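Peer 1: Dropping a structure here in structure tokens format, bear with me for questions.
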Amino acid sequence: VNNQVIYKGSDGRDYTFLDEVVAFDFNLENKQQFNFVKAGTDKAYYQVLVNGEKKLLKRNVKSIAERKQYSSATTEKFIQNRIKYALSIGGNFIELSDNKRLLEAFSNDEKALDFIKANKVSVKKEETLIKLATYVNTL
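Following our numbering, the numbering of the sequence shown begins with 3 at its first residue and continues without gaps.
What follows is the structure in structure tokens.
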């Protein structure tokens, strides 16, 4: 699938939109709501974890990888899952590939840097990124 929104019609068939979809929301029966926006250089859909002037975005990336067991002639394929986080600040998209990029994103904001250090914010811990994004949107 090439970053398209696909939905199931009342006839059970899959459909896509003719016009480009730049954002969409959906609600589950248990009242959970998910918001998605198209962002980044790859124009992929990211889930909005924290909305505001500074958005925290999340993308689940799945790819097919191959591995070959030691001394085996058979190559097996498997699905590799990676999670990417990003910030959208004032129209700028910043991929948070590591903690260094996180610190660079807030290099001009002493309060945010203090929060990052005091709360041990890490790009590997979603809950700490959510706390940070929530905090910086109150400044």
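Virtual Cβ for every residue (Gly too), placed ideally from N, Cα, C.
Model, not experiment: these values are computed from the prediction.
Between the beta-carbon of Lys-119 and the beta-carbon of Thr-130, is there less than 8 Å?
Peer 2: Contact: no.
Peer 1: Take Glu-22 and list the residues in its own chain whose beta-carbon comes closer than 8 Å to its own, dropping the five residues that flank it on each side.
Peer 2: Lys-40
Peer 1: Can you tell which of Gln-49, Ser-12, Thr-77 has its C-alpha closest to the C-alpha of Ile-85?
Peer 2: Gln-49
Peer 1: To the nearest angstrom, how far is the alpha carbon of Thr-136 from that of Gln-82?
Peer 2: 30 Å
Peer 1: My assumption, with CB atoms under 8 Å, is that Lys-33 sits in contact with Asn-139. Please give the rounded CB distance.
Peer 2: Not quite, the Cβ-Cβ distance comes to about 23 Å (not below 8 Å), so this is no contact.
Peer 1: Can you tell which of Lys-70, Leu-141, Lys-126, Ser-99 has the C-alpha that lies nearest to the C-alpha of Glu-112?
Peer 2: If we check each option's Cα against that of Glu-112, Leu-141 comes out closest.
Peer 1: Ordered along the chain, which non-local residues of its own chain (more than five positions away) have a Cβ less than 6 Å from that of Glu-97?
Peer 2: Within the same chain, and ignoring the five residues on either side of Glu-97 in sequence, the residues whose Cβ sits closer than 6 Å to its Cβ are Ala-88.
Peer 1: I'd like to know whether the C-beta atoms of Phe-26 and Val-7 end up nearer to each other than 8 Å.
Peer 2: With respect to Val-7, Phe-26 sits close: the two C-beta atoms are nearer than 8 Å.
Peer 1: Work out the CA separation of Tyr-72 and Asn-101 for me, nearest whole Å.
Peer 2: 34 Å
Peer 1: Can you list the beta strand (DSSP E) stretches of 3 or more residues lying completely in the stretch 37-121, in chain order?
Peer 2: 46-52, 56-70, 77-91, 94-97
Peer 1: May I ask you to report which of helix, strand or coil DSSP gives Lys-145?
Peer 2: Only positions 3 to 141 of the chain appear in the structure, and residue 145 is not among them; the question remains open.
Peer 1: Report all residues from its chain with a CB closer than 8 Å to the CB of Arg-103; omit the five preceding and five following residues, and keep chain order.
Peer 2: Answer for Arg-103: Ile-96, Glu-97, Val-125, listed in chain order.
Peer 1: Restricting to Cα atoms, I'd like to know which of Leu-59, Gly-54, Leu-51, Val-52 is closest to Lys-45.
Peer 2: Leu-59
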